[in-house]
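**Q** In this note's numbering, the protein residues as written are 6 to 233. For every residue, glycine included, the Cβ atom is placed at its ideal position computed from N, Cα and C. Okay, here's the structure, questions in a sec.
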Ligand SMILES: [Fe+2]
């Protein structure tokens, strides 16, 4: 079952923390498609870096990650990216269906991350505003790294690794998660590129929650009024 529910231990007091976080994990088993996505990202990397000013984020000062605000992989016309777009839409709908959440008109903005030796993403979350919805990440190429999720209510000034939930990054694995969740990655240690795609799904075509983004760059991911 792709749905994985992270749950707090049973509360023993009326004031004890109680939470449940649904993750959705789905694998795209298509080595040829992953290779084609990798080539597409690497072919675009230099131009994106040249055109978009960097805004350091999550401990990453340079590279595509710090240009996340200036492009949207869901607008890329290359066939492998269109296939990825369809995969995301299908997984998103399945995630909602598994949770019994109705579909509605949503928008998506996504970026690529190319991480080379010694880098990691520091703990961050994508949105904790009242408008927070869903985010996702997809591993295109990697060796041995993890994305580490931190449940709420369990911090003592800093994320506690002993309370965290690690998910091993495997090529083709996508994780959908509520945008509110704090997460980080382990350090990428070898010389190969760790390539991932990440995205946010919004209920608006602009960001009411205050995240940076450019007007009009978000595009519709799903709309039950016009899509079957
Ligand atoms: Fe993230």
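#1: Reducing DSSP to helix, strand and coil, say where residue 75 ends up.
#2: Give me whichever residues DSSP pairs with residue 114 in a beta bridge.
#3: Where does residue 104 land, buried or exposed, given buried means 16+ other C-beta within 10 angstroms?
#4: Thinking just about the alpha-carbon of each residue, which of 225, 182, 186, 90 is nearest to the one in residue 39?
#5: Nearest CA to the CA of residue 187: which residue from 28, 7, 21?
#6: Is the beta carbon of residue 131 within less than 7 Å of some heavy atom of ligand 1?
#7: Are the stretch 37–54 and the stretch 117–133 in contact at 8 Å, needing three or more beta carbon pairs?
#8: Label residue 73 either buried or exposed according to how many other C-beta atoms from any shown protein chain fall within 10 Å of its C-beta, with 16 as the threshold for buried.
#9: Can you check whether the CB of residue 226 is closer than 8 Å to the CB of residue 181?
#10: Mapping the DSSP letters down to three states, classify residue 219 as helix, strand or coil.
#11: Rounding to the nearest angstrom, what Cα-Cα distance links residue 59 and residue 208 in this structure?
#12: Between which residues of its own chain and residue 178 is the CB-CB distance below 6 Å, once the five residues before and five after are set aside?
#13: Please return the same chain residues whose Cβ sits closer than 7 Å to the Cβ of residue 41, not counting the five positions on each side in sequence.
#14: Just checking my contact of residue 111 with residue 204 at CB under 8 Å: how many whole Å lie between their CB atoms?
#15: Out of 126, 17, 13, 82, which one is the CA nearest neighbour of residue 24?
#16: According to the Cβ coordinates, are residue 128 and residue 158 closer than 8 Å?
#17: Which residues in the same chain as residue 7 place their Cβ atom closer than 6 Å to its Cβ, once the five residues preceding and following it in sequence are excluded?
#18: Hey, would you say residue 133 sits closer than 8 Å to residue 70, going by beta carbons?
#19: If you follow the alpha helix (DSSP H) that residue 69 is in, where does it begin and where does it stop?
#20: How about residue 172 and residue 123: are their beta carbons less than 8 Å apart?
**A** According to the structure shown:
#1: What you label residue 75 is simply residue 70 of the chain shown in a count that begins at 1. Note: residue 75 maps to helix in three-state DSSP.
#2: The sequence position of residue 114 within the chain shown is 109, counting from 1. DSSP lists 205 as the beta-bridge partner residues of residue 114.
#3: As a working mapping, residue 104 is identified with position 99 in the chain shown. Answer is exposed; the Cβ neighbour count stays below 16.
#4: Walking along the chain shown from the start, residue 39 turns up at place 34. It is 90.
#5: The residue labelled residue 187 in the question sits at position 182 within the chain shown. Out of 28, 7, 21, 28 has the C-alpha closest to the C-alpha of residue 187.
#6: On the chain shown, position 126 is the one that residue 131 refers to. Result yes, Cβ under 7 Å from ligand 1.
#7: yes
#8: As a first step, residue 73 is located in the chain shown; it is residue number 68 there, counting from the start. By the neighbour-count criterion, in which 16 or more other beta carbons inside 10 Å mark a residue as buried, residue 73 falls on the buried side.
#9: Indexing the chain shown from 1 puts residue 181 at position 176. Indexing the chain shown from 1 puts residue 226 at position 221. Contact: no.
#10: The residue you call residue 219 lines up with position 214 of the chain shown. Any answer about residue 219 is weak, because its pLDDT of 48 lies below 50 and its placement is not dependable; what the coordinates show is given next. Of the three classes helix, strand and coil, the one that applies to residue 219 here is coil, per DSSP.
#11: In the chain shown, counting from the first residue as 1, residue 59 sits at position 54. In the chain shown, counting from the first residue as 1, residue 208 sits at position 203. Approximately 26 Å between the Cα atoms of the pair.
#12: Within the chain shown, the letter at position 173 stands for residue 178. Closer than 6 Å at Cβ, skipping near neighbours: 32, 144.
#13: Within the chain shown, numbered from 1, the residue matching residue 41 stands at position 36. So the list reads 85, once near-sequence residues are dropped.
#14: Mapped onto the chain shown, residue 111 falls at position 106. Mapped onto the chain shown, residue 204 falls at position 199. Incorrect: roughly 11 Å between the Cβ atoms, too far for contact.
#15: One-based indexing of the chain shown puts residue 24 at position 19. Nearest option by C-alpha distance: 13.
#16: Within the chain shown, residue 128 is the residue found at index 123, counting from 1. Within the chain shown, residue 158 is the residue found at index 153, counting from 1. It is not a contact, given that the beta carbons lie outside the stated cut-off.
#17: Numbered from 1 along the chain shown, position 2 holds the residue referred to as residue 7. Result list for residue 7: 29, 30, 31, in chain order.
#18: Numbered from its first residue, the chain shown carries residue 133 at position 128. Numbered from its first residue, the chain shown carries residue 70 at position 65. Against a cut-off of 8 Å, the Cβ pair of residue 70 and residue 133 comes out as no contact.
#19: Taking the chain shown and counting its residues from 1, the one referred to as residue 69 is at position 64. Neither: residue 69 is in no alpha helix (DSSP H) and is coded neither H nor E.
#20: Numbered from 1 along the chain shown, position 167 holds the residue referred to as residue 172. Numbered from 1 along the chain shown, position 118 holds the residue referred to as residue 123. Not closer than 8 Å, so no.
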